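Below: one structure, written as structure tokens.
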Amino acid sequence: MPRKRVTQIFPWLLPLRIKQRLFCFYTGMRLDRNRYAAVKSEAPLAYPLFETSCPLYNRETGFDMVYQENKVFNLKLAAATLNQVVIRPNETFSFWRLVRYADRDIPYKDGLTVINGKLTTAPGGGMCQMSNLLFWMFLHAPLTVVERYGHGVKEFPEPPSDAPMGVDATVSEGWLDLKVKNETEASFQISIAFEEDRIVGRLLTDRDTGQYYEVINGKPQYYRKNNKIFEEVDVKQKTMSRATGACVSEKLLYRNKCEIGYPLPEGTDIVEKG
């Protein structure tokens, strides 16, 4: 049996622990000598680099749809702090450094989130849809991923999108951040918009490099271990020539692993492991 944390034994200590963690989390960023992206530009940068969109509502969660409505509300609060931000050369993007005060004037609503390994509801729930979107966008630019955490468990099927498997980034304020660093001479701008029932993300840049990026999967593998089913898949990035469409280079970004918390399609090949 996993050892219980002190805050699970003494729940009244949790608010103090959260305050302590947040203090250390943000103080660490103030002292780490990185220059963090914070400047916005109302004028869009000249060259569109990548555009993507995904549905705002997921009807496969098993929870009341009010929590999907609340999630959209939360996403719009966060988007106001992220939209038009420019990541200049030698700057680092931090999700939480920008979103930290998104709910200062208008509080978040209860949305779905995972706490202590269980799917539940909490203020600000659903924020991972924004971090997922941003991570997918960043993989289509020559940005260096500094910090990213995949979801340990997929609780329900993901809504349709143009992203391959294993491209996600969970965030938890004080614990898990999404960070990328711009080690190039170009600047990159984030654009977030809401169009009917979809969220649209765009990444723009101030110079045309003549290249674009494709992100692909290797063959996914599924296996059962200790009565749990896991998915493992390689995530690769291809650099493409805009002039010829030819692949300039290909590299493995990472191998993603997560537990699957919902039934897989009938006929899925699952390897048994001890």
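FYI, the numbering for the sequence shown is 12 to 285, going by the working numbering. Here a beta-carbon is modelled for each residue, glycine too, at the ideal position from N, C-alpha and C. Since the model is a prediction, treat every value here as computed from it, not as a measurement.
Just measuring C-alpha positions, the residue of A49, G272, D75 sitting nearest V110 is A49. Under the 8 Å Cβ criterion, the segment 157–166 counts as touching the segment 183–190, having at least three qualifying pairs. Inter-residue distance for D208 and Y78 is about 15 Å (C-alpha atoms, whole angstroms). Between T131 and G122, the gap from beta carbon to beta carbon reaches 8 Å or more. The C-beta separation of G135 from D114 comes to about 7 Å, placing the pair in contact by the 8 Å criterion.
Counted as a single uninterrupted DSSP element, the alpha helix (DSSP H) harbouring V110 occupies residues 106–110. Here M176 is actually not in contact with V125; their C-beta atoms are around 19 Å apart, not less than 8 Å.
A buried status is given to S142, since no fewer than 16 other beta-carbon atoms sit within 10 Å of its beta-carbon. Straight through space, the alpha carbons of I203 and N85 are spaced by roughly 14 Å. Burial state of L263 is exposed, judged by a 10 Å Cβ sphere holding fewer than 16 other Cβ atoms. In this structure, A152 lies near L60, with their beta-carbon atoms less than 8 Å apart. Between the alpha carbons of K165 and G272 lies a gap of roughly 6 Å. For Y234, the enclosing beta strand (DSSP E) has its first and last residue at 232–236. Across the structure, I240 and G128 are spaced so that their CA atoms are roughly 15 Å apart. As the crow flies, the alpha-carbon of N81 is around 27 Å from that of F36.
Where V282 is concerned, the enclosing beta strand (DSSP E) starts and stops at 281–283.
Residue pairing of Q200 in beta bridges, as defined by DSSP: V97, L215.
Comparing C-alpha distances from G229 to each of V182, K30, E261 shows the shortest one belongs to E261.
Distance from the Cα of Y223 is smallest, within the candidate group L27, E283, A254, for A254. T103 has its alpha-carbon roughly 11 Å from the corresponding atom of D43. Among the bridge pairs identified by DSSP, R266 is matched with D245. A direct Cα-Cα distance of roughly 7 Å separates V211 from C65.
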